[in-house]
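Numbering (the working numbering), first residue to last: 133 to 290.
Backbone N, C-alpha and C define an ideal beta-carbon position, used for all residues, glycine too.
The model shown is predicted, which means the values in this text are computed figures rather than measured ones.
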Amino acid sequence: SDFYSNLAAAKKFYESQKLYTGSGAADWSSPELEPLERNIRSAVLQNLVEDRILISEIGQVSDLKRLLAENLGQILSQVSNDLTNEGLADLYGWDIRTFKKRVLEPEARRKTFFESFARQGRDFNEWFNNAKRSASVRIWLPGFEWNSDKEQVQITAR
């Protein structure tokens, strides 16, 4: 699933960058890393929820496919020199195709919405916050829930 693939990539990124306390490989089942792991899960869920909301609202952007292709091409040209299968495998455990699908396409989608709203004189952030508040989001992962008032995934008591 997207969640578990993105979660594994986020953990691999944290490990590759040593963004946790301790030395050696991260033991994600240890009590020391449990809060970090729950925060990573929450952030991965938040990103997936937000991207799904944008996908469900594609009617808000006219000529979305063309604009999305342009933005994706622009983003790819900016990072293409830094993208190698070996580098992505080291950082995320992904190849270029998977990185494009899971990271660059959602980024391009958000950028496309933002730019389209700006051209219309509309505030993307205000619209997006309202869309998140009114979204019907169900999270079937124990320990997490959608808080529509705060427009975010919340960690619940275990």
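Contact check, residue i vs residue j under 8 Å by CB: the rounded distance?
i, j, result
"V269", "V181", "6 Å"
Check each candidate in the options and name the one with the smallest Cα separation from residue i.
i, options, result
"R241", "Q149, Q206 and S133", "Q206"
"D281", "L165, L168, F260 and V193", "F260"
"L208", "F231, G191, E189 and Y146", "F231"
"P167", "K143, L199 and E189", "K143"
"S133", "Q284, L273 and W278", "L273"
"F249", "G225, I228, L215 and Q192", "Q192"
"N179", "F135, R265 and E247", "F135"
"E239", "S194, V211 and D195", "V211"
"L200", "G219, F246, E164 and P163", "F246"
"S137", "L165, A221, N262 and R198", "A221"
"S194", "E164, T244, A267 and E258", "T244"
Going by beta-carbon coordinates alone, are residue i and residue j separated by less than 8 Å?
i, j, result
"I287", "R170", "yes"
"R265", "E283", "yes"
"G225", "A158", "no"
Can you give me the C-alpha to C-alpha distance between residue i and residue j, rounded to a whole angstrom?
i, j, result
"Q149", "N203", "28 Å"
"R173", "F276", "9 Å"
"W160", "L223", "17 Å"
"L196", "D227", "26 Å"
"L139", "R234", "11 Å"
"F256", "L236", "19 Å"
"L186", "E258", "14 Å"
Which partner residues does residue i have in the DSSP bridge list?
i, result
"W278", "V285"
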